[in-house]
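Reading through the structure tokens given below for one structure.
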Amino acid sequence: MLPAVADLRARPYSAPLARPFITARRRVDTMLGVLVEIELADGTVGHGSAGQSFGVTGESVDSVLAVLNGPVKQALADRSGAGRRGIAAGIADSCVGNFAAKAAVDVALHDAWARTLGVPLAEALGGDAATVLRTDMTVSLDTPQRMADAAVEAVGDGFDVLKIKLGNDWRADLDRLRAVREAAQDVRFRLDANQGWDVKSAIRVIRAIEDAGIPLELVEQPVAGRDLAGMAAVTAAVDVPIMADESVSSPHSALEIVQRRAADLLNIKLAKCGGIGEALAIADIAHAAGIECMVGAMMEPRISIAAAAHLAAAHPAVTLVDLDSAEWIDDPDLTGGYRLRGSEMHLHPGPGIGFAPWVKGEKV
């Protein structure tokens, strides 16, 4: 039985990015978020984190702190001795929405739970912490030349799969991709339009890329997340696998995508769905339908990336990961969770997700 929850602590976090992160919907120069700790009655401490993301979850640092210090803290008090599943259910039911905040404390709960078992979180969830994951590296939306330069740098750092941010204008996007392809010949590409195209443009540009023989693994969220009919039309019209990202935020939405054949792949993000349990439920639906999943992340602190990596190692439906976010953050003090060797992610072999407790309120 999981010991009772004794305390919840949360504090703001910020760190500069080594370079701007630019998509069709936003630009980020500084990582803003929240770090979370749950302490159990036996002194075990678990860690979680959340990133500010107005464009995806609609949450700010202030809103995350308000939720954690308000309804979530009350839910933890009410369900303190209810065991892991009961406490997780209390977190989920504590308020409407606020999924990044819920995910942060849910991850902290699961980290603490795995620590009480003395095993890595991946193993507590039924996976293997020795699994070596291979992540891509993102090339932000920019001019063709700057994107080409970033691609060359990523290849030099050991990445052979690049995630290319597109979605401003389909003609300009083709120019960007051609420049990246010319600069980085021996790599595979994942394209992420971040909902930036309409249906006709998406079909046009993807077919043009196919005709040009550029090696694509997938195209992520080519149209608006709410437009499942449009995404189904794109999926049916092209050969390249289409992956849902903003369209999938819950088991219910995952089931609808599967039933409507709106995508070939699903991208699971803890901050979108609110925690480990919901993420595993999405993966279960995909697995039952014979659909593979990617585990991804937004611009979030390293703790969130480590938790996502442990999730990825725990479910057979997850065959792809996109977990390079922490490599953009210029913070040498927040370490742990995994080691990155080129594109290979090696999980921390110790209990939980592998972060040390805060020390007298100082920076981690």
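The sequence shown begins at 76 in our numbering and counts up one residue at a time. From the three backbone atoms N, C-alpha and C, an ideal C-beta is built for every residue, glycine too. From a predicted model like this one, the values you see are computed outputs, not experimental measurements.
Helix, strand or coil at residue i [DSSP, three-state]
i    : result
A278 : According to the sequence displayed, residue 278 carries Ile and not Ala. In the structure shown, I278 sits in a helix (DSSP, three-state: H, G or I).
G427 : strand
T210 : strand
T310 : helix
G436 : Low confidence applies to G436: its pLDDT is 43, below 50, so where it sits in the model is not reliable enough to give any reading.
P407 : coil
R253 : helix
E321 : coil
D217 : coil
A223 : helix
L291 : strand
R246 : helix
D339 : coil
M76  : coil
H385 : helix
P95  : strand
P195 : strand
A259 : coil
G202 : coil
V147 : helix
S379 : helix
Alpha helix (DSSP H) segment containing residue i, residue limits
i    : result
A163 : G158 to D168
M374 : Segment: none, M374 is in no alpha helix (DSSP H) and carries neither H nor E.
D359 : I351 to A364
V136 : V136 to V142
A401 : Per DSSP, A401 belongs to no alpha helix (DSSP H) and is neither H nor E.
A346 : L345 to C348
Residue i - containing beta strand (DSSP E), residue span
i    : result
S328 : Note, S328: premise wrong, no beta strand (DSSP E); alpha helix (DSSP H) at P326 to R335.
I113 : R102 to L115
R190 : Premise fails: R190 lies in the alpha helix (DSSP H), F174 to L192, not in any beta strand (DSSP E).
D397 : V393 to D397
Residue i and residue j closer than 7 Å at C-beta
i    : j    : result
T119 : L398 : no
A354 : L386 : yes
L143 : A187 : no
M374 : G126 : yes
E292 : R265 : yes
L151 : V207 : no
A223 : A178 : no
V280 : G305 : no
Bridge partner(s) assigned by DSSP for residue i
i    : result
F129 : According to DSSP, F129 bridges with nothing at all.
G121 : I113
D82  : E114
R414 : H421
K240 : D267
S89  : L107
E367 : L340
Integer Cβ distance of residue i from residue j, believed to fall under 8 Å
i    : j    : result
A392 : A361 : 5 Å
V370 : I332 : At roughly 16 Å, the Cβ-Cβ gap does not stay under 8 Å, so V370 and I332 are not in contact.
V103 : P91  : At roughly 10 Å, the Cβ-Cβ gap does not stay under 8 Å, so V103 and P91 are not in contact.
G130 : R100 : 5 Å
V298 : Q260 : No, V298 and Q260 are not in contact; Cβ-Cβ is about 30 Å, not under 8 Å.
I97  : D217 : 6 Å
G412 : A431 : That pair is no contact at about 11 Å.
W245 : S276 : 4 Å
Any C-beta of chain B under 7 Å from that of residue i
i    : result
A389 : As a matter of chain content, chain B is missing from the structure shown, which is built from one protein chain.
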